[in-house]
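Participant: In this note's numbering, the protein residues as written are 2 to 387.
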Amino acid sequence: MAGSTTDRCPAPPQPWQSVRAHVLSGVPALGSRRAVAAGAIVDSIDLKQIRCFVAAYEEGSFSKAAAREHCTQPGLSLHMQRLEATLSQQLFHRTARGVTPTVAGRQFYASCTEVLDSIKSAKQRMMDLSGSIAGSIRIGLPPALFKGALSWMLPGYMQTHPYVNVALFEGIVGGSFPQRVVTGDIEAAVVTTIPSHLGLKTSHFFSDQLVLVTNPGRGPGQKRKQRSPVPVLARDLAKRKLVLPSKQHTLRQIMDGVVRLGEGGSGRIVEIDGVLGKLDLVRHTDWATILPSIAVADEARQQTLYADPICEPDLWLEYFLIYPTHAVLSTACRDFLRQLKETLEHNRPAPAPRTAAPDGSAETVAPKRAAAARPQRRRTTDPHHR
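1. Buried or exposed: which applies to residue 65, given that a residue is buried once 16 or more other Cβ atoms fall within 10 Å of its Cβ?
2. Using 8 angstroms as the threshold, is the C-beta distance between residue 279 and residue 244 below it?
3. How would you call residue 157, buried or exposed, if buried means at least 16 neighbouring beta carbons within 10 angstroms?
4. Using 8 angstroms as the Cβ pair cut-off and three pairs as the minimum, do the region 140-150 and the region 293-303 touch?
5. Report back the beta-carbon spacing between residue 57 and residue 93 to the nearest angstrom; my notes put them in contact at under 8 angstroms.
6. Which residue or residues does DSSP assign as beta-bridge partners of residue 214?
7. Using the Cβ count rule (16 or more neighbours within 10 Å means buried), how would you classify residue 96?
8. Would you kindly work out how many angstroms separate the C-alpha atoms of residue 287 and residue 330, rounded to a whole number?
9. Taking all protein chains shown into account, do 16 or more other C-beta atoms lie within 10 angstroms of the C-beta of residue 199, making it buried, or fewer, making it exposed?
10. Can you confirm whether the region 247-256 touches the region 322-341 when touching is taken to mean that 3 or more C-beta pairs between the two stretches lie within less than 8 angstroms?
11. Could you tell me which whole beta strand (DSSP E) segments of length 3 or greater appear in the region 131-200?
12. I'd like to check one pair, residue 75 with residue 210: are the Cβ atoms closer than 8 angstroms?
13. Assign residue 47 to one of three DSSP states: helix, strand, or coil.
14. Output needed for residue 80: all residues of its chain with C-beta closer than 6 angstroms, excluding positions within five of it in sequence on either side, in chain order.
15. Looking at the unbroken alpha helix (DSSP H) that takes in residue 279, where does it start and where does it end?
16. Between residue 316 and residue 259, which are expected to be in contact by the criterion C-beta below 8 angstroms, what is the C-beta distance as a whole number of angstroms?
17. Are the Cβ atoms of residue 191 and residue 170 separated by less than 8 angstroms?
18. Taking DSSP as the reference, what is the three-state secondary structure of residue 8?
19. Comparing alpha-carbon positions, which option in 216, 86, 230, 55 lies nearest residue 112?
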């Protein structure tokens with residue numbers, strides 16, 4: 002009968018009910034004494050304790066977890082003591098070097114991550130239902146991506162997202178990006194080395210070929226003229242005067258794994274980490290540099306600089322997207338990363354034909370360092386899709 006209680010739709014579950022369901026997974030059926038006790042335990046656990054526990058688990062240290070959660074180390078330790086007392090379980094082994102999870106701690110971590118994921122997913126769904134994309138995004142990017150794509154895609158993004166505040170951060174070596182993502186200082190970042198941190202998810206974002214960048218009018222016996230890219234043998238780089246990033250940089254590590262630079266005849270090396278500093282030196286001298294092709298795509302098209310691919314072996318730099326394990330990227334962030342990836346793939350120069358080897362073969366072998374870093378090429382437009 003219309004209006005009767007039997008015809009009414011059941012009320013949607015409340016967020017606290019979802020939390021209870023996750024944390025109570027595996028406990029006895031409701032009605033038993035153990036189940037009632039378990040329910041009382043969940044009622045006494047709050048989200049602050051869950052976040053502190055997850056931070057301590059992933060950082061392996063109470064002091065690092067406290068810094069991540071913006072609280073004091075004694076305060077976090079007290080949260081953990083109360084949580085262990087509530088659960089009647091020891092969650093961590095405490096040593097002078099930090100903390101390691103017990104068997105109970107590992108099981109509790111799995112439930113806690115589901116709780117945090119559910120809460121963040123629910124929050125994102127509510128924001129999506131509003132019908133407009135608003136808020137702020139904070140993203141870290143390497144210099145080459147700043148130079149190779151932002152001027153092309155950012156004005157259009159800002160026009161289609163008028164209520165989004167954009168903050169972008171440039172990282173030369175990228176060492177600080179993983180920790181800044183974990184602590185929530187930035188929402189996501191693109192890096193060139195896969196970080197080993199439990200609090201981060203990583204997916205392949207973009208691949209780019211390394212090129213030798215020279216000044217058309219400054220090379221030995223060169224005059225400024227229009228020409229197509231000419232592949233350069235990796236072994237010949239040892240004879241060049243090169244301006245390169247420091248050894249902490251992934252690009253430098255790739256090069257050092259292939260050829261002993263600066264040790265052949267007139268070969269010399271100057272270290273500059275900034276992209277703009279390298280390019281300024283190349284424009285005004287006979288020095289050369291090595292960069293991802295996207296960083297000099299405009300100059301190569303206009304022939305203000307030559308960008309010749311390095312071959313035998315071909316060298317590629319891989320970029321990876323990192324974001325928090327327990328986060329759902331906002332719609333504004335997903336849109337930005339999608340447009341950035343599409344722009345990079347559109348602007349990246351096509352690989353030049355390889356120079357034939359002495360036996361007539363055009364085969365090249367990728368260096369172990371680059372091959373290990375580069376997974377099978379995935380051309381997904383949404384690498385952070387969950």
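Just so you know, even glycine gets a beta-carbon here, dropped at the ideal spot from N, CA and C.
Facilitator: From the atom records:
1. Against the sequence shown, residue 65 aligns to sequence position 64. Flag for residue 65 reads buried.
2. Here residue 279 is taken as the residue at index 278 of the sequence shown, counted from 1. Here residue 244 is taken as the residue at index 243 of the sequence shown, counted from 1. Yes, these two residues count as a Cβ contact at 8 angstroms.
3. Here residue 157 refers to the residue found at position 156 of the sequence shown. Answer is exposed; the Cβ neighbour count stays below 16.
4. yes
5. Working through the sequence shown from its first residue, we reach residue 57 at position 56. Working through the sequence shown from its first residue, we reach residue 93 at position 92. With a Cβ gap of about 7 angstroms, residue 57 and residue 93 count as contacting.
6. Position 213 of the sequence shown, counting from 1, holds the residue named residue 214. Beta-bridge pairing links residue 214 to 290, 308.
7. For this step, residue 96 is matched to residue 95 along the sequence shown. By the neighbour-count rule (16 or more Cβ atoms within 10 Å), residue 96 is not buried but exposed.
8. What you label residue 287 is simply residue 286 of the sequence shown in a count that begins at 1. What you label residue 330 is simply residue 329 of the sequence shown in a count that begins at 1. Roughly 45 angstroms separates the two Cα atoms.
9. Start at 1 with the first residue of the sequence shown, and residue 199 comes out as number 198. So residue 199 ends up on the exposed side.
10. no
11. 136-142, 165-171, 189-192
12. The residue labelled residue 210 in the question sits at position 209 within the sequence shown. The residue labelled residue 75 in the question sits at position 74 within the sequence shown. No; because the gap between Cβ atoms is not below 8 angstroms, this pair is not in contact.
13. Locating residue 47 in the sequence shown gives position 46, counting from the first residue. If DSSP states are grouped into helix, strand and coil, residue 47 belongs with coil.
14. Working through the sequence shown from its first residue, we reach residue 80 at position 79. Result list for residue 80: 50, 53, in chain order.
15. As a first step, residue 279 is located in the sequence shown; it is residue number 278 there, counting from the start. Residue 279 -> alpha helix (DSSP H) spans 276-285.
16. Here residue 316 refers to the residue found at position 315 when the sequence shown is read from its first residue. Here residue 259 refers to the residue found at position 258 when the sequence shown is read from its first residue. With 8 angstroms as the limit, residue 316 and residue 259 qualify as a contact, their Cβ atoms being about 7 angstroms apart.
17. Against the sequence shown, residue 191 aligns to sequence position 190. Against the sequence shown, residue 170 aligns to sequence position 169. No.
18. In the sequence shown, residue 8 corresponds to position 7, counting from 1. Legend: pLDDT at residue 8 = 43, less than 50; position of this residue unreliable, value from coordinates given subsequently. Three-state DSSP puts residue 8 in a helix.
19. Your numbering for residue 112 matches position 111 in the sequence shown. Of 216, 86, 230, 55, the residue nearest in Cα terms is 55.
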